[in-house]
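Residue numbers (the working numbering): 15 to 265.
From the three backbone atoms N, C-alpha and C, an ideal C-beta is built for every residue, glycine too.
To start, the structure under review is shown below, and the notes come after it.
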């Protein structure tokens, strides 16, 4: 049985939605290089739940503009994709709560706007239960692995390095060396399948991960990896001095 590809996409600043740069070029129209999915599930860093994992089930999900102080044109962008209510039936045996009142935050639509610009594939969002340790998110990824056999594209949307406290407004500013080093370390561990170290990072705080919300989506993807998968690095690099835009697929 074919296993659908899946991966992790760095989303970074909302300005990437309207900026033409090396990162946006690297993920643009990825839909043309992949089989057509039945639906897309995005594990988003911007939907932080506490005490439960939730999934959107609205037939026509609204966009959530969960960012402030940016150019007006960002708040006028539309991404009229359909939802995928059927996901609640597919996940009924898992401890995941269906929610039909939550829309798609920019952790979801900001990357899909580039990857699937026609907005013609159904989309659902999965929340992150912030009350749980890192291993929980990895194990949840394992439980969701079966979706790959049902033509569901699962993406983690966050940032491997995400330190807004030390970020610069200019996206092409020279990065901190520690940000470069941590991104390189993560790539090395991904390629060597040293997932244990990557899981441990999810419970630690350092300059790269002062808060874990943007890192945890990675762990869902690691849980879904199969031994036969190969990794394809789509993009590697630091924006805004302290935000890794590392993006990759497992196929």
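The C-alpha of residue 82 is placed about 35 Å away from the C-alpha of residue 165. Distance between residue 176 and residue 190, taken at the CA atoms: about 12 Å. With fewer than 16 other Cβ atoms inside 10 Å of its own Cβ, residue 220 counts as exposed. Residue 144 and residue 179 have their alpha carbons spaced roughly 20 Å apart. Counting only the Cα atoms, residue 139 lies some 6 Å from residue 69. In the DSSP assignment, the residues bridged to residue 112 are 69. By the neighbour-count criterion, in which a residue is buried when 16 or more other Cβ atoms sit within 10 angstroms of its Cβ, residue 89 is exposed. The bridge partners DSSP lists for residue 124 come to none. Residue environment for residue 253: buried (at least 16 other C-beta atoms within 10 angstroms of its C-beta). Per the coordinates, the alpha-carbon of residue 103 lies some 44 Å from the alpha-carbon of residue 184. With a 10 Å radius around the Cβ and a threshold of 16 neighbouring Cβ atoms, residue 76 comes out exposed. Counting of Cβ neighbours within 10 angstroms places residue 207 among the exposed residues, the total staying below 16. Under the three-state reduction of DSSP, residue 246 is assigned to strand.
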